[in-house]
Each structure stands twice: as structure tokens, then as C-alpha cells.
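Chains as they are written, first to last, in this note's numbering: chain C, 891 to 1486; chain A, 11 to 169.
Yeah, the Cβ is synthetic: ideal placement off N, Cα and C, and Gly gets one too.
A short write-up of the structure that comes next.
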């Protein structure tokens, strides 16, 4: 049997691999079939039925996303029957959906709204059932708002939470007309295992799951005459912000973003990349310190492997799922929180600004960062270290609100003191980036030489494979590190919490003996974060990743320990890595959390 | 180990720890404790290494897997169309009067819970109801009253 199947879609002949769906065949010839429950990253659910098509000789309509092609099929995607069916489906969905569009956060970005407009859902649809449904809104979480009145039960979120993240904080509960997407006993999201990663927010077609926005608070701070506003921008924002402002995927907009932030009125425009470099110094030294304790001093109280701690989704995941491994998580704070702690101490002091009048704002590709900033431990400056966290999407909205034509902005530079960064910091935004950055520095500290990879590109830890392992042999070390001579440093990189779970199970079951593990909660790392522009897909994440590594290569400094502002920070303020000040400001602790 | 931990562990030992074991384990809990508590669900999730929400989702799908405490006697009146045409509404009205509770509620003494259920397969003898596992058919308000009295008597003599 041939592995190709020939069929006709709207009288256009198409030949496609056996096993493909009608939807994929239609895509191949640029025939668009509307979808709602379908998402490239997820398994097929086939529950919304909006993608129905007609097959010649069959009475029943077929769901294009779930139906495999077969030889000689004749498909019609735009017959009267199909159009009527789709319109009715949209009308039925709308009848149970609080279509309060003008007041909705997703207004203009809602897939159901687009379809309603396309199929002209007028006044004469089905009876509006919303009033009889008793829907509730959960807005208790600092990160995510879950509004059941907007939910169309497509279950993209349920599949995301299960398949990509292995958490299943959301599930389908009850049945029939009372069926709903629910947490455990319908508890608020902040009480359950939800890691706030926001992958569900990224995939929700309506306004049922959205980030909690802090735009009003930030505008208020910007308009206050007494407040000094400090903004930091995460590595992955600069390669995705353009998408939300009409630019092509994978465009690097660092300079324009800095210009825009100045135009919006931020007093200091600084870079999270600066503290990403700092994280590498602290975390890299922590790794070496632990290796010394374990290899040289045979200290059995010190735990390896060390895992990264930059991803707040991962941190909350391990607090819930593997609390016995909390001592393995690096105590180094994430770059966002290191930045916050330094902004209201070191930086405020430099600028002679009272930290009480400083408002610290971060732009993140992440919804979990909102939760992280709210943690009670994150007040080491004596104030809330990071006051407000905005996602990439929220910043794009601010830029639009301010009437700024983003594409025509000139490039600008970050302010100094905490604005300089290396290429190693930029790649924090991609899966494997923290590992690569840490190796660039740690290898050099131990051997006095650069990592033995061409152009400093540690390619084995790069890419989009879910779990990647790399072993680096340490040779010809400096005298003080003689105990590491000949040691093979075993590293592992995983992205997406379902893969993190696999790695941790391997560690728990003694099947893997890594020294250092990098984990990012979101697929692709921060570049695929829950706060990034919608939509997301493997192709989009690949382009963003290419942009990140390109930005790394453009940087004159490629290694964190060579960042002059970081060197200056140690000389003047921190004195030494893992020192007393670092301990107070840059390191944290973790909390065991419940099983549900 | 707490009582519920022991119960769930015993059921998991008996039925296994795969996804297919979930329903028999939940049925086992209902059999022992009448309803599946939050704690029990968390334990089931732990034993099967799945999320507690998934256990909740499964439990809430099935009418006979209760997630809230119920009375000693659970009365389920068939709500489907045949029984309705045979007068199930009058039956429920009578039950509400006799028990002094509304549909979905439990009596103050914790003895009776009044619920509706989907088809019991007794359409030819409607209206029908179940009290725990005991079916009662061809109900009339009078008949319902005497059935409830019988249960109340039973309770008094048991004490």
C-alpha cells in the first residue's frame, strides 16, 4: 500500500501522507478550516465540532481535526450544510458563554469572538443560558484568573496541564449540562497544585483563563511624581514582543523595546539579563561549592544533583510534587528576584533614591513570575522586592495604549549600573540556556580555559528535544580544584514539567546520576512562556529560539563572569559569590506544599 | 497511618495502582465510608500517582460516587420522563413533606438524604425510587409515606 493518500478537498486534488487528518490535508492546499478545541501542541479532542466538513456520499459531517484521510475522499469544507452546522455550533457555544465582549480582557483576541464575527451570530441565536448556570469567577491567584462563565469546555487547558505539564491541576468534573473544567473540589487556583506556568492561559481560546493584569497599578506608578519606577526586562521578552505588535516571529526588538519603555515614562530602564549573569555567578559557585563538599570533603549532608531555580513554575512544581528534593534546588533566587532585591538596595543607594519611593516592575514572558514576586520570602530589601510583574502581552498592550508606533521606534540602550549583560544571560530565555551559561563560567573558573566548544556554543545542551543529557570531562584543572581532575560532569536539561517529572523520577529511582539539572517549566523554556504572545506552536518556538541564539552571538561579551557591571557589583557591594550580602539578598528557601 | 490512609492503601493493594484501578478503589471507599472525602481522594491520587483533580473529576462524573456526606438512607427518585409522567413530582412532594427536607438535602438527624437520579430501568412500573440498594416501584404519595414510616420505625427499634 502506498504511503500517500489522494483525495479532493473543495475539488482541489491533494496527495498527503497516510494517517494525516483532513485538517492537515486542507492546510497543505491553503484551505482554512476553523478550529477551536484543536491545538498543535496537544492531542486531538474533537469535542467542539467547529471543524466539521462534508464528505460526498456520507450524511454525517466529519470533524476535520480528528478524521484521517482516505483514498478517493471528496471533501467539501464550504457547503451549505457545513456552513449552517458551524453557525449553529458557534451559536450553541455562545448561548452558554458570557458574551460580554466589550468588557472582556480578551476582547479582540478571542477565538470564539472571531468565529462569531465570521459566522455572523446575530440576535436570533439560542436562548442565553448564562443566567441559569451559576458560573463562578476565581480571581484569588496573583497570576491567573479563571472565569467559568467564559469557558466553552474545549479542554485545551485540561490537555495542556496534563500532557505538557503532567500536573492536571485542571480536570473535567461533573457531567452533562453541569460538566465543567474544575480544580480539585473546585478550590481556588492558588490553593491547588497549579504552578501558575500559564500554559493554559496561552492556549485558552476565550477569556476563561487569563493572566491577572497589573496595568492600572503600573500606569498609576508611572504617573506619580514621587515614585521612581525601575523596570527590568527578561531575556525572552525581546525576541517575542514584536509578535504582539505586528512584527514577524523571531524579530529581535531589544533596542525598540528600550525606547518604548523610556517613552512610557519608566525612570530607569534596566535589564534582567544583568541579574541573569549574576545568577550564573552565584549558582555556578554553588555548584562548585557542592561538588567540593561531595567529592573532596565527602560531606554526606550536601545534596547533588543541583537543579536550577530560575523557573518559578518549576520551583512550585517541585514544592508540590517532589518536596523531598527541595534541598537539591539551588538556593539562588531567580534573576527577577535578584534584580528586585538589588534595585531597592544597591541601585537605590547609588541613585540616592529612597527605596520606599521606588516602584520595581518587571516585564516577563511568564505568569508564574507574578506569583513568585508575591512570595513572602521575596522581601529581602525590606520592601516588596518586585512590586508588579507584567507579561510580554501586557507590555505590548501598554505600548498600544500609549499610541506608540513600535515598528518605527529607534534603537536605544539600557541604563547603566544594572543594564549590561552578556550573551550567556540572553540564552537564559531558551531551554538549555542556563546550563550553557553556567558551563561557560564554571568550566573557566575550574580550568582557567574557555569551554572546549567552537565559538562557546555548547550545542549538546541546545535544541528542542524534551530531555537532553551532556557530559563534560574536566581536565587540566587549576591547583585549587585538583579534586575535580578527570571528573565527568553529568548534566541534564529538560523543558515542560512532564519532562521534569520524568527526570526527577529517574533521579529518585537511582537511574540517573547527574551533577547538574536545568529545568524550565514551559515548553521551549521562557521563550515559550505562559506570558508570551499568543499563539504558540513548535514552529513559533523554534523561530524565537533562533533569535535568542542569534542575539547571543551578536553580544561582544559572551560569558557571565566577564560582565563589567557584575564585576563592579561584586567589588563594590557583594564582595564575593555566596558571601554574606549575597546570602541575605540573593538566596532563598523553599516550602513543602500539598499534594492536590 | 490514619484510617483513610489504611483504607485506600488496602484497596490499592487489592485492585492495583493503574488507571483502571481507580473506579474499583472509589467504589470500595463508597462501600466503606458512603462518600469519598477530600482526604480519601488525595490518598487515592498518591497511591495511583495521578493528580487529585483527576480523582475528583472521575468521582463527580458518577452519580453513585458521592463527594459529600450523605444520610444513612439515600433516597433516589427516578427523574426521567416516564416516571415523571407517572407522577414522580407528587412522590417527591410527599417525600419533602414527610422528611422535611428539600431535594438534595439531608435530614437533621443524618438519617435520610433525598436525591433525584437518572433512569432506574423501571419505566414499566414508574414512578420508581431506590432507598440505598432497595428498589421501590409504582409509587404513590400514600405508599411513599408508609415506606418512610417503616424505615423510621426500624430506626427507633434499633435504638
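Rounded to whole angstroms, the separation of the alpha carbons of residue 1105 of chain C and residue 1345 of chain C is 41 Å. Taking C-beta atoms as the reference points, residue 50 of chain A and residue 39 of chain A count as a pair closer than 8 Å. Around the Cβ of residue 1339 of chain C, a 10 Å sphere holds fewer than 16 other Cβ atoms; the residue is exposed. Against chain C, a Cβ distance below 8 Å from residue 67 of chain A picks out 1061, 1062, 1063 and 1072. For residue 52 of chain A, the C-beta contacts it makes with chain C under 7 Å involve 1485 and 1486, in order along the chain. Excluding residues up to 5 positions away in sequence, 1169, 1172, 1173, 1176, 1199, 1476 and 1477 lie with their Cβ nearer than 7 Å to the Cβ of residue 1222 of chain C in the same chain. Annotation for residue 1099 of chain C: the continuous beta strand (DSSP E) segment containing it runs 1099 to 1101. Look at residue 1250 of chain C here: in three-state DSSP terms it is strand. The alpha-carbon separation between residue 1439 of chain C and residue 1036 of chain C amounts to approximately 35 Å. Under a 10 Å Cβ-count criterion, residue 72 of chain A is classified as exposed, with fewer than 16 other Cβ atoms of the shown protein chains found around its own Cβ. With fewer than 16 other Cβ atoms from the protein chains shown falling within 10 Å of its own Cβ, residue 95 of chain A counts as exposed. If only uninterrupted alpha helix (DSSP H) runs of at least 4 residues are considered, those enclosed by the segment 1073 to 1135 of chain C are 1089 to 1093 and 1105 to 1112.
Residue 948 of chain C and residue 1419 of chain C have their C-alpha atoms spaced approximately 43 Å apart. Taking a cut-off of 8 Å for Cβ pairs, the segment 1445 to 1464 of chain C and the segment 1179 to 1196 of chain C do not touch, as fewer than three such pairs fall below it. Not a single CB atom of chain C sits nearer than 8 Å to the CB of residue 156 of chain A. Counting the other CB atoms within 10 Å of its CB gives residue 12 of chain A a total below 16, which places it among the exposed residues. The continuous beta strand (DSSP E) containing residue 1361 of chain C extends over residues 1357 to 1363. Think of a sphere of 7 Å around the beta carbon of residue 1075 of chain C: the chain A residues whose beta carbon falls inside it are 48 and 66, in chain order. Within chain A, the residues whose beta carbon sits less than 9 Å from that of residue 1058 of chain C are 60, 61, 62, 63, 64 and 67, listed in sequence order. Residues of the segment 70 to 84 of chain A with a C-beta atom less than 8 Å from some C-beta of chain C are 70, 71 and 77, listed in chain order.
Using a C-beta cut-off of 8 Å, the segment 1381 to 1398 of chain C makes no contact with the segment 1226 to 1242 of chain C, since fewer than three inter-stretch Cβ pairs fall below that distance. Secondary structure within the segment 84 to 144 of chain A: the alpha helix (DSSP H) runs of 4 or more consecutive residues, fully enclosed, are 91 to 95 and 98 to 109 (chain order). Taken atom to atom, the span from the alpha-carbon of residue 943 of chain C to that of residue 919 of chain C is near 15 Å. If you check the CB distance, residue 151 of chain A and residue 104 of chain A come in under 8 Å. Under the Cβ criterion of 8 Å, residue 1083 of chain C is counted among the residues facing chain A.
Chain-ordered, the chain C residues with CB closer than 9 Å to the CB of residue 56 of chain A read 1485. Secondary structure within the segment 1142 to 1177 of chain C: the beta strand (DSSP E) runs of 3 or more consecutive residues, fully enclosed, are 1158 to 1161 (chain order). Look at residue 33 of chain A here: in three-state DSSP terms it is helix. For residue 13 of chain A, there is no enclosing beta strand (DSSP E); the enclosing alpha helix (DSSP H) has its first and last residue at 13 to 25. When DSSP assignments are scanned along the segment 1278 to 1349 of chain C, the uninterrupted stretches of alpha helix (DSSP H) that are 4 or more residues long and fall wholly within it turn out to be 1282 to 1291, 1313 to 1316 and 1323 to 1337.
By the 16-neighbour rule on beta-carbons within 10 angstroms, residue 1068 of chain C is exposed. Judged by DSSP secondary structure, residue 1390 of chain C falls outside any beta strand (DSSP E) and instead within the alpha helix (DSSP H) spanning 1387 to 1398. In the structure shown, residue 1233 of chain C adopts helical secondary structure according to DSSP, grouped into three states.
Of the candidates C:1464, C:905 and C:977, the residue whose Cα lies closest to the Cα of residue 1005 of chain C is C:977. For residue 1150 of chain C, same chain residues with a beta-carbon under 7 Å away, outside a window of 5 residues either side, are 1289, 1294, 1296 and 1299 in chain order.
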